[in-house]
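Novice: Residue numbers (my numbering): 17 to 476.
The beta-carbon is built from N, C-alpha and C at its ideal position, and this holds for glycine as well.
In structure tokens, the structure reads:
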């Protein structure tokens with residue numbers, strides 16, 4: 017991601033409002049992508065095209081939310097392995113192998129997500145729908161498309177076509193909204209989910225086109241054996257991604273299963289009292305993510321590169337000077353980002369009642385929104401510390417930190433159900449973020465004093 021940051025910094029140095037907007041919009045797409053645009057699309061649909069969902073808006077929302085949740089819950093670890101594999105191929109300037117790896121991973125993802133998705137849609141009875149088969153096929157297609165889209169989101173971070181990428185995502189969102197409105201009018205809920213899926217499919221097709229322009233694929237079977245080896249070689253990286261996404265979603269799943277309201281005709285359960293504040297709070301993470309990519313990570317990377325180049329080449333004093341300069345900048349970057357995100361969090365906490373009244377007619381619980389805002393603050397801090405640990409390949413530490421994140425959120429959400437009448441929704445999410453951030457920070461800064469020995473021991 018540091019490469020993206022350098023490119024966006026170059027655009028920003030041109031000055032002017034146009035450059036600022038380009039960096040802001042490009043950053044939003046890179047760090048948020050399909051999830052953000054889907055939230056915006058659903059908001060537009062609920063405001064202006066609610067007629068298309070009159071056959072079952074709850075079922076539509078359930079399919080969308082479950083597709084995103086379980087695409088990450090099931091395949092989150094795989095995303096981290098794919099990121100490492102692609103990064104190594106690009107570093108070795110193997111462009112054809114990179115394109116081939118994207119094709120291979122996409123084909124595998126289509127197969128696996130298709131099997132998981134099929135198991136899900138077969139358990140949706142779709143009673144009362146005028147086109148139940150169309151609804152099931154379209155729901156399955158949407159789940160598969162989203163899983164491929166996550167892989168493409170990883171791959172397009174290699175590209176510098178930010179304007180084109182933004183246009184692609186914007187076009188996909190517009191097609192989703194228009195397709196849902198038109199097909200939903202004539203084919204009811206089955207047409208609505210089909211129209212929404214078509215917009216995401218357009219995004220996938222166009223992103224493949226952009227990717228293959230710069231990275232034309234070779235034989236997709238060629239990188240298969242090496243990709244498989246990465247799962248064994250970087251098993252702690254896989255576990256880091258797996259436990260991280262489990263940690264994000266486990267409290268939502270616990271509440272869906274225990275206190276959620278079942279969507280008629282399906283196994284899907286939702287808990288709007290908690291779900292909606294969580295989705296809103298997650299949007300506040302976007303500015304902090306952009307700040308990390310454009311400012312904090314790029315500054316850190318330059319100092320890290322200088323430090324790594326000095327190992328084995330410069331005198332001990334120079335190595336130590338560069339190491340402590342790197343550590344100081346690392347701490348400063350975390351502190352600056354925390355202040356930046358903290359201001360955002362406090363502002364939204366203060367206006368939580370206004371958000372509830374103006375957007376939800378007072379039905380949104382401002383207290384739960386404040387808790388989830390605090391939880392998202394620590395989620396971003398944890399993600400930042402994990403990323404810094406990744407730079408030093410401290411994968412065992414990240415896996416353990418992510419496991420703490422998952423375990424605290426799981427146990428906390430289960431314990432919260434033992435206190436009847438007291439709304440503790442979001443407390444476990446917050447406690448998990450605090451615990452995991454503390455663990456990751458402790459691992460990172462305790463190892464920082466021996467960075468040079470760590471690196472020499474691994475690669476000497």
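(1) Do residue 113 and residue 105 have their C-beta atoms closer together than 8 Å?
(2) What's the call for residue 163, buried or exposed, on a 16-neighbour Cβ count within 10 Å?
(3) Span of the alpha helix (DSSP H) holding residue 187?
(4) Would you kindly work out how many angstroms separate the C-alpha atoms of residue 236 and residue 167, rounded to a whole number?
(5) Could you check if residue 4 is buried or exposed, using at least 16 other CB atoms within 10 Å of its CB as the buried criterion?
(6) What's the C-alpha gap between residue 310 and residue 418?
(7) Closest to residue 315 by C-alpha separation, out of 388, 444, 404, 355, would be which residue?
(8) Does DSSP put residue 71 in a helix, in a strand, or in coil?
(9) Output yes or no for whether 8 Å exceeds the beta carbon distance between residue 463 and residue 259.
(10) How would you write the range of the alpha helix (DSSP H) that residue 300 sits in, first residue to last?
(11) Express the C-alpha separation of residue 120 and residue 373 in angstroms, rounding to a whole number.
(12) Residue range of the alpha helix (DSSP H) that residue 116 falls in?
(13) Run through the DSSP bridge pairs and tell me what residue 278 is partnered with.
(14) Do you know how far the Cα of residue 211 is from the Cα of residue 10?
(15) Would you identify the three-state DSSP class for residue 469, choosing helix, strand or coil?
(16) Contact between the stretch 450 to 466 and the stretch 391 to 399 is defined here as three or more beta-carbon pairs at a separation below 8 Å; is this criterion met?
(17) Taking buried to mean at least 16 other C-beta atoms within 10 Å of its own C-beta, is residue 248 buried or exposed?
(18) Using a Cβ distance threshold of 8 Å, determine whether the stretch 315 to 331 contacts the stretch 365 to 385, with at least three qualifying pairs required.
(19) I need the DSSP call for residue 409, collapsed to helix, strand or coil.
(20) Can you tell me whether DSSP reads residue 325 as helix, strand or coil?
Specialist: Reading it off the structure:
(1) Contact: yes.
(2) buried
(3) 178 to 230
(4) 15 Å
(5) Residue 4 lies beyond the residue range present for the chain, which begins at 17 and ends at 476; the question has no answer from this structure.
(6) 25 Å
(7) For residue 315, the nearest C-alpha among the options comes from 404.
(8) Residue state, collapsed to three classes: coil.
(9) no
(10) Taken as a continuous stretch (DSSP letters only), residue 300 belongs to no alpha helix (DSSP H), as it is neither H nor E.
(11) 48 Å
(12) Counting along the chain, the unbroken alpha helix (DSSP H) around residue 116 starts and ends at 111 to 137.
(13) 285
(14) Nothing can be reported for residue 10, as the shown portion of the chain is limited to 17 through 476.
(15) helix
(16) yes
(17) exposed
(18) They do not touch, by the three-pair rule.
(19) coil
(20) Helix, per DSSP.
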